[in-house]
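In our numbering, the protein residues as written are 130 to 278.
Glycine included, every Cβ here is placed at the ideal spot set by N, Cα and C.
Here's the structure we're looking at; comments come further down.
Next comes the structure, spelled out in structure tokens:
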């Protein structure tokens with residue numbers, strides 16, 4: 130591999146690593162903002178003295194559903210992009226020899242463990258999707274309970 134090719138691979142790896150960090154940050158920001166908004170919204174509903182009417186209940190449930198589904202679709206899209214970007218990063222790392230033994234030193238282990246080569250599924254993103262979903266469902270249940278009681 131020529132020096133030019135190696136420099137291109139290093140630049141691509143830097144770009145993909147920055148993109149992965151940005152995607153993680155976006156997911157955390159979206160989920161924390163959504164949970165905060167659900168909490169504030171439900172706090173406002175619970176502190177109301179008056180019982181919710183049926184139209185209010187339906188409106189609030191629809192708002193929560195739209196916000197939940199919209200954010201969930203965004204998170205799923207980010208997860209897909211993360212998986213693709215991670216795949217590119219692994220290919221670049223393989224091309225740089227980071228998974229081969231005795232490339233950079235005489236150790237019998239590679240710089241990166243071979244477990245990094247497993248297919249990426251973005252399971253940690255799915256946990257955030259689950260947290261968002263649980264918050265939305267809890268919010269909907271609280272709105273319905275406020276209508277009933």
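Query: Counting along the chain, where does the alpha helix (DSSP H) carrying residue 155 start and finish?; Result: 132-176
Query: Residue 230 by DSSP, collapsed to three states: which one?; Result: coil
Query: Exposed or buried, which one is residue 178 when buried takes at least 16 other CB atoms within 10 Å?; Result: exposed
Query: Whose C-alpha, out of 148, 276, 259, 230, is nearest the C-alpha of residue 164?; Result: 259
Query: Quick check: what's the CA-CA separation for residue 88 versus residue 146?; Result: Here the chain covers residues 130 to 278 and nothing more, so residue 88 does not appear.
Query: Between residue 159 and residue 264, what straight-line distance do the alpha-carbon atoms span, to the nearest angstrom?; Result: 13 Å
Query: Check whether the Cβ atoms of residue 229 and residue 239 lie closer than 8 Å to each other.; Result: yes
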